[in-house]
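S.K.: Structure below; questions to follow.
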Amino acid sequence: MLRVEHVDAGYGDVQVLWDVSFHVAENEFVVLVGANGAGKSTIMRTISSMVPISGGQVLFQGQRLDRVAPYRIVEHGIAHVPEARQLFPEMTVAENLELGSLKGGAKTQRKQTMEWVFELFPRLRERRKQLAGTMSGGEQQMCAIARGLMSKPKLIMFDEPSLGLSPLLTQEIFRLALKIHKEGITILMVEQNVKQTLGICDRAYVLENGKIVLEGKGKELLENEQVKQAFLGI
34 MLRVEHVDAG YGDVQVLWDV SFHVAENEFV VLVGANGAGK STIMRTISSM
84 VPISGGQVLF QGQRLDRVAP YRIVEHGIAH VPEARQLFPE MTVAENLELG
134 SLKGGAKTQR KQTMEWVFEL FPRLRERRKQ LAGTMSGGEQ QMCAIARGLM
184 SKPKLIMFDE PSLGLSPLLT QEIFRLALKI HKEGITILMV EQNVKQTLGI
234 CDRAYVLENG KIVLEGKGKE LLENEQVKQA FLGI
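With the first letter of the sequence shown counted as 1, position 219 gets the number 252 in this note's numbering; the numbers rise by one all the way through.
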């Protein structure tokens, strides 16, 4: 479904990604893990065409994404839930959700999709008329995920969904991610919470200094000595 092939990318003269290659198959739950500054968020922004590549290519269902304008990425069936939520705080929950369904078939099916989203996130139904900026961090993260789902994506990308959340809320967000995956949506997630994400994903890649250094099944990587020493403090 998604193929990142030998990608070099960065910001101006600063190169962040070095010959990065990985793939996500349809219906997979794939995780990219790594320390702060490893380049995880840059990968997400590169897939979304917000960071230009200087080498390689990004393919989604056989089509080049790195030549597509960022605002058209959603039309290809990709939703990007960004780091730190980035909601419109002065708009209500319902208004934020509606903004996720402005393109193509998502707009015509907005009512049905919103009902499905409210079934997944009952708390958002209760908060639908509340200003997004007045909700708790966990509720805002749910709203950001729900906004992404409103576009009816084939692939949804989560960038650090547990950032700033309590351990209890982090578990809830991961539980919801698994529930979304069971609904048939392919997931690519980047996370610093290595232990929990490797425990729930199908496959994972370890990113270090802008390069992929390890890959394998999530639970197998949990037992990898390099992963244990670098990320789990074992």
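Idealized CB from N, CA, C, for every residue including glycine.
From a predicted model like this one, the values you see are computed outputs, not experimental measurements.
Just the Cα atoms here: how many angstroms apart are Q225 and V84?
M.R.: 21 Å
S.K.: Near L92, which residues of its chain fall below 6 Å by C-beta distance, leaving aside the five closest residues on each side in sequence?
M.R.: Within the same chain, Cβ atoms closer than 6 Å to the Cβ of L92 are found at R36, the five residues on either side in sequence being excluded.
S.K.: Do you know how far the Cα of F55 is from the Cα of R236?
M.R.: 11 Å
S.K.: For E61, collect the residues of the same chain with a Cβ closer than 7 Å to its Cβ; drop the 5 residues on either side in sequence, then sort them by chain order.
M.R.: T219, D235, R236.
S.K.: Quick check: the Cα distance between L50 and D99, rounded to an integer number of angstroms?
M.R.: Going from the Cα of L50 to the Cα of D99 covers about 14 Å.
S.K.: Could you tell me which of Q119, S74, K144 sits nearest to M175, measuring between CA atoms?
M.R.: Q119
S.K.: Run through the DSSP bridge pairs and tell me what V47 is partnered with.
M.R.: Its beta-bridge partners are Y44.
S.K.: Given a cut-off of 8 Å, decide if S184 and A71 are closer than it, judged by their beta-carbon atoms.
M.R.: no
S.K.: Could you check the C-alpha separation between L201 and L240 for me, to the nearest Å?
M.R.: 26 Å
S.K.: Quick one: what does DSSP say C176 is sitting in, helix, strand or coil?
M.R.: helix
S.K.: So, with DSSP's three-state summary, where would you put E241?
M.R.: The three-state secondary structure of E241, taken from DSSP, is strand.
S.K.: Determine the closest residue to K252 out of L231, A263, Y238, with distance taken between C-alpha atoms.
M.R.: L231
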